[in-house]
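**Student:** The end of the sequence shown is residue 116 by full-length UniProt numbering, with every number in the run present.
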Amino acid sequence: LPLTYWDKWQIFWIATNFYIHFGWEMSLLYFFDYNEWKGGWSKFNVFVQAFAAYGKYDRRYMIEKGKGEEGCGNSIDKVVLAVEVPAGIIDGALCCYWLNGILNRTWYRYPVQLVV
1 LPLTYWDKWQ IFWIATNFYI HFGWEMSLLY FFDYNEWKGG WSKFNVFVQA FAAYGKYDRR
61 YMIEKGKGEE GCGNSIDKVV LAVEVPAGII DGALCCYWLN GILNRTWYRY PVQLVV
């Protein structure tokens with residue numbers, strides 16, 4: 001069956017949500033110490049660039065050690081890690097169910113139905 005305009009729009013929205021909720025939040029586990037890397041980070045690392053940019057507005061994403069302090073090994077606040085990583089797992093799975101619903105034309109193909 002061909003996809004409608006709204007189905008295509010929702011697939012685009014799923015891809016965006018999957019990047020935000022699964023990619024961004026799960027990458028926190030791997031890149032949590034990005035400010036303490038020797039030599040800094042690559043400008044091509046989009047997740048770390050996003051953390052640094054977002055850290056200008058929300059300091060929990062860009063913790064910097066003070067003068068004379070030993071680094072704690074984290075550049076991202078532990079509360080953020082504790083909340084965002086489990087949310088990323090759940091939201092990533094919901095995005096997969098949503099995509100399955102659209103492609104297989106099931107009853108839960110619209111986002112509101114997944115929330116309920």
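Glycine included, C-beta positions come from ideal geometry on N, C-alpha and C.
Do you know offhand how far V83's Cα is from I20's?
**Tutor:** 14 Å
**Student:** Buried or exposed for E64, please, with buried defined as at least 16 other CB atoms from any protein chain shown within 10 angstroms of its CB.
**Tutor:** exposed
**Student:** Could you give the distance in angstroms between the alpha-carbon of Y30 and the alpha-carbon of T4?
**Tutor:** 38 Å
**Student:** Assuming F22 contacts G88 (C-beta within less than 8 Å), just tell me the rounded distance between them.
**Tutor:** About 5 Å; that satisfies the 8 Å criterion.
**Student:** In chain order, what residues of the same chain lie with their CB nearer than 8 Å to the CB of I11, ignoring the 5 residues before and after it?
**Tutor:** L3, L99, I102
**Student:** Determine whether the beta carbon atoms of S75 and F47 lie at a separation below 8 Å.
**Tutor:** no
**Student:** Note down the Cα distance separating G68 from M62, rounded to an integer number of angstroms.
**Tutor:** Here G68 scores only 48 on pLDDT, less than 50, and its place in the model should not be relied on; the value that follows carries that caveat. Those two C-alpha atoms are separated by around 18 Å.
**Student:** Cα-Cα, which of W37, P86, A93, N45 is closest to A15?
**Tutor:** A93
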